[in-house]
Every structure is written in C-alpha cells, then in structure tokens.
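So the structure is just underneath, and the comments pick up after that.
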Amino acid sequence: MSMDVMLSQDEISFRNEFKIFLEGLDLSFILRMDKEDEKEFPKDFVKALGQNNYLGIPLPKKIGGRGLNTVCAILAEEELGALAFPLGCAMGMSTYLCRAIYQYGSPELWKKYIIPTMKADLICAEGITEPLKGSDIARLQTVAKKEGNHYIISGEKRFQKGGIGADWFLTFARTNADVAPHKGITAFVAERKHGVKVVEQFNLLGWRGMGASHLLFKEVAVPEENRVGNEGQGFEILMYLLQTERLMEAATALGSARECLKMAVRYSDAREQFEQKIREFQGINFKVADMAATLDAGRLLCLRAAKVIDREEKRPNKEVAMAKFYATEAAWNIIDQALQILGGIGYTDYYPIERFLRDVRVAKIYTGTNEIMRELTQRGTYEELLKEKPSPAWKLWKGSKNLM
508 MSMDVMLSQD EISFRNEFKI FLEGLDLSFI LRMDKEDEKE FPKDFVKALG
558 QNNYLGIPLP KKIGGRGLNT VCAILAEEEL GALAFPLGCA MGMSTYLCRA
608 IYQYGSPELW KKYIIPTMKA DLICAEGITE PLKGSDIARL QTVAKKEGNH
658 YIISGEKRFQ KGGIGADWFL TFARTNADVA PHKGITAFVA ERKHGVKVVE
708 QFNLLGWRGM GASHLLFKEV AVPEENRVGN EGQGFEILMY LLQTERLMEA
758 ATALGSAREC LKMAVRYSDA REQFEQKIRE FQGINFKVAD MAATLDAGRL
808 LCLRAAKVID REEKRPNKEV AMAKFYATEA AWNIIDQALQ ILGGIGYTDY
858 YPIERFLRDV RVAKIYTGTN EIMRELTQRG TYEELLKEKP SPAWKLWKGS
908 KNLM
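In the working numbering, the protein residues as written are 508 to 911.
What follows is the structure, given as structure tokens:
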C-alpha cells in the first residue's frame, strides 16, 4: 500500500535504501528476543544501524546524524515495525534523546555522548517514569542536590525501555522544591558507570528485548557539566523529546499493522471455505477495506505531525498526540482483525500475528497513555478552533450569532 504520492523523491529513495539494508541482515535474533526467559537487547542490530549511519536520521551530520528530516525517520520506523515492534524503539531512542541533547545541551555533551551514540559505540535510554507518578511527570520524586561540581541524584525510575542495554541515561530529577512542580525539574546525562543500577523486575506480555528496566539512583554523583540545559528547564526538555518519541512509536506500530494486513490479504486469497476463497465473503473483504483505510489514515496523521515538527513553526502537541492515539489504536485493531481473518492458526506462533498483537499493545500506554493524548488533542482543538474565523454562511442562521 503505497504512500509515495505524499513523499518527495528523496524520501522515497531513502526508504527504499533502508529496506534494502534490512533485507541484508540476519533477523533470526527476533525469535530469540521474544523468548520469555531471555532479556536479549538487540545490541548487534543497533550496532549495524550505527555503522551504516541509520541512527539519528533527522539529526545534523556535524554530530553524526544523517541530516535528513523527521519524515524519513518515521519511514524507517515503519519499516522496523514491520519486522518487530521493539526494533523501532531500539533505533528511535538514539534519535529523540540525542535530539533533545543537541537542542538544549552543550557542545561538550554533543561530543561526549551524541557522536559515539550515533556510531552505536554507546547505547542510550531514558529515565523518566517513576513508580508512584506514572503520567504525572511534573511531580517527579527523584531529586538532585548540587554538591560542589556534581549533582547527587537519588530516586528511582520504572518501566524504562532499553535500560538493560544502555551505557547512559537522559534522566530527570527535581532540583527545586520551592517552585511550581514543572519549573523545578532538571535534565541530566547519567552514565551507568556513575552508579546507576539497572534491574529487570518483570516479564512482559510482549515487546521483549527492550525490557522494562527499573533504574535505581542511590546518591549517584553526576558531573555538573552533564546537566542538559539550565536548572528548571527539564520539563521543557522532556516535552520536546516526547514529541519525536510519541510520533516514532506511532509509526512503528503502523509498520506492524501493515504487515499483519498483508498477511491477512494473502491468507484470505489462498484459504478456501465452502468452495470459494474466503476473500469472496463480505465478512472478510469488508474487514480488509476498513483495515486498509484505517492504516492509511494513521500514516497520514503521522506524516502531518512529522512535517509540523520539521517546520518548527509551532509546538506540535496536538498533531503528535492525535497521531499517537489514533495510529496506535488503529494498529491494535488492524492486528486483531488480521488474527480474526486467519482464525485459529492466527492464534498460534505459526504466524507472527500473535507476537505483533502482544508487542503493539504497549503502544497505547507508553510515552503517555492514549487518554493523555486525547486530553492534549481536545485542548489543542479548542484552542485552534476558537480562534478560527467561522464560515460566512453562519450568519444565515439566527442561532449562529450566539457562537460568533
């Protein structure tokens, strides 16, 4: 299902190049990664991405990025989602975390962390969510106290993807308790060797390989130069990085959905019941029609959000939030319907649909629940439409004057 009409020739060329790269890889590790008793972070895969300049796709070349746009980044994410949802997350972290450090951090931090991460010499992860706070990220309880030329960080983070493989973490802690919660947060780069303890507490329904790390900061001393931005700027930095993170997650989920739709189409074209292909039954082919339309609607929302990010003319809160909740729910529903079309065999591991279903379920929770995304969407919609001039036809109806 081509979206080429919405893309530039450069974007199409990059996507095709990336697909050829993926076709040349040994992907057998995906099966190992999904085993419940293993916590295999795909380091070799990330290393291959770095060696071929596919980390930091929209980041400038001067810091080791590819120098392309966010559209190219989400095209790559969709292709990774078609392989396995966790792989999109493994690649995406280097983009949105390093993008935030590039935007707010010092050139010294660029050199020390971004450039090695673009080569996959270092692996990064985030330190955001806390056990008692979840979506209430403005009220973090992890604290950082300035002592000499270091900050001493104490607290814990939970459900941090990719923590098991990370060398450094972009983490957030409270440095001032006497101001409004969102004004007292500061961002830091904390290395594992600084004393960050990483524990895997849980087995997961899906999304295996990325893990859900518990990070323990027990008086971890982080050098002052590892502060990202100014004190109190952490919430702004967090909101900035979440824009890209949420969008990349949405695109990855759609890649998984795309492949499941493809399997459902091929299966229904081959499978016969009652002396005809099951694709001839309206109960099947109308499902396929709805799945295709929903998939493309999600992809268009992601493309719009990516273009808004690249133009840097406004904060893309509404566009990203809308893309995230719509695309992740669309992906879940498409995969579920694909399983339904395959019937009993779809519920087994003979096909990967059951794995895609387990993997994508987390997308409606992580990086901001879809309930939070709806809150951001409605807020942005009211703000936008209350400023927009009504149609001149409104004046034809008496009641419209109450809305002018």
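Cβ coordinates follow ideal geometry from the N, Cα and C atoms, glycine included. Please read all numbers here as calculations on a predicted model, not as lab measurements.
Three CB pairs or more closer than 8 Å across the stretch 619 to 639 and the stretch 546 to 561: yes
Rounded separation between R715 and V869 - CA only: Rounded to whole angstroms, R715 to V869 spans 11 Å at the Cα level.
Contiguous alpha helix (DSSP H) assignments of at least 4 residues, all confined to the stretch 833 to 858: none
Residues bridged to K704 [DSSP beta-bridge criterion]: L723
7 Å Cβ shell around E518 - same chain, five flanking residues per side excluded: V578, C579 and L582
Burial state of V512 (16 or more Cβ within 10 Å): exposed
Secondary structure, beta strand (DSSP E): runs of 3+ residues fully inside the stretch 588 to 646: 631 to 634
For K794, the first and last residue of its enclosing alpha helix (DSSP H): Note, K794: alpha helix (DSSP H), Q789 to R818.
Beta-ladder partner(s) of R734, from DSSP: F695
Y774, enclosing beta strand (DSSP E) - first and last residue: Careful: Y774 lies outside any beta strand (DSSP E), inside the alpha helix (DSSP H) at G741 to A777.
Alpha-carbon spacing of V729 relative to L893, whole angstroms: Roughly 46 Å separates the two Cα atoms.
Residues of its chain near W839, where Cβ-Cβ distance is below 7 Å and the 5 sequence neighbours each way are ignored: Within the same chain, W839 has close Cβ partners V867, R868 and K871.
DSSP three-state assignment for Y658, whether helix, strand or coil: strand
Straight-line gap, N792 to R786 (C-alpha atoms, nearest Å): 5 Å
Sub-8 Å separation of L673 and I630 beta-carbons: At residue 673 the sequence reads Ala, which differs from the Leu that was named. In this structure, I630 lies closer than 8 Å to A673 by Cβ.
Simplified DSSP assignment, three categories, for V477: Residue 477 is absent from the model: the chain starts at 508 and stops at 911.
Cβ shell of V706 (< 6 Å), same chain only, five flanking positions each side left out: H721
Boundaries of the beta strand (DSSP E) in which A673 is found, first to last residue: Where A673 is concerned, there is no enclosing beta strand (DSSP E), given that its DSSP letter is neither H nor E.
E836 to L864 span [Cα, whole Å]: 11 Å
8 Å contact criterion, which P593 and M717 should meet: CB distance rounded: Sure, about 4 Å apart at Cβ, within 8 Å.
Within 8 Å, strictly: CB atoms of L723 and K700: Against a cut-off of 8 Å, the Cβ pair of K700 and L723 comes out as no contact.
Helix, strand or coil at A583 [DSSP, three-state]: Correct three-state label for A583: helix.
Local Cβ density within 10 Å of V772, reported as buried at 16 or more and exposed below that: V772 should be labelled buried.
G532 - containing alpha helix (DSSP H), residue span: Position check: residue 532 holds Leu in this sequence, whereas Gly was assumed. From DSSP, L532 is part of no alpha helix (DSSP H); its letter is neither H nor E.
Sub-8 Å separation of L808 and A830 beta-carbons: yes
Bounding residues of the alpha helix (DSSP H) (the contiguous stretch that carries D551): K550 to Q558
C-alpha distance - M798 paired with D843, whole-angstrom precision: 10 Å
Rounded separation between L529 and V686 - CA only: 49 Å
Neighbourhood of S661 by C-beta, 6 Å cutoff - its chain only, sequence neighbours within 5 removed: V650, F724 and E726
Per-residue DSSP class, three states only, for L665: Looking at the sequence itself, residue 665 is Arg, so the reference to Leu does not match. Here R665 carries a strand assignment [DSSP, helix/strand/coil].
Nearest to Y658 (by Cα), restricted to the options K668, G702, L532 and I644: For the set K668, G702, L532 and I644, the Cα lying nearest the Cα of Y658 is the one of G702.
Nearest candidate by alpha-carbon position, reference E698, set P638, K821 and L616: L616
The stretch 677 to 692 touching the stretch 751 to 767, judged by at least three CB pairs closer than 8 Å: no
Buried/exposed call for L534, threshold 16 Cβ in 10 Å: exposed
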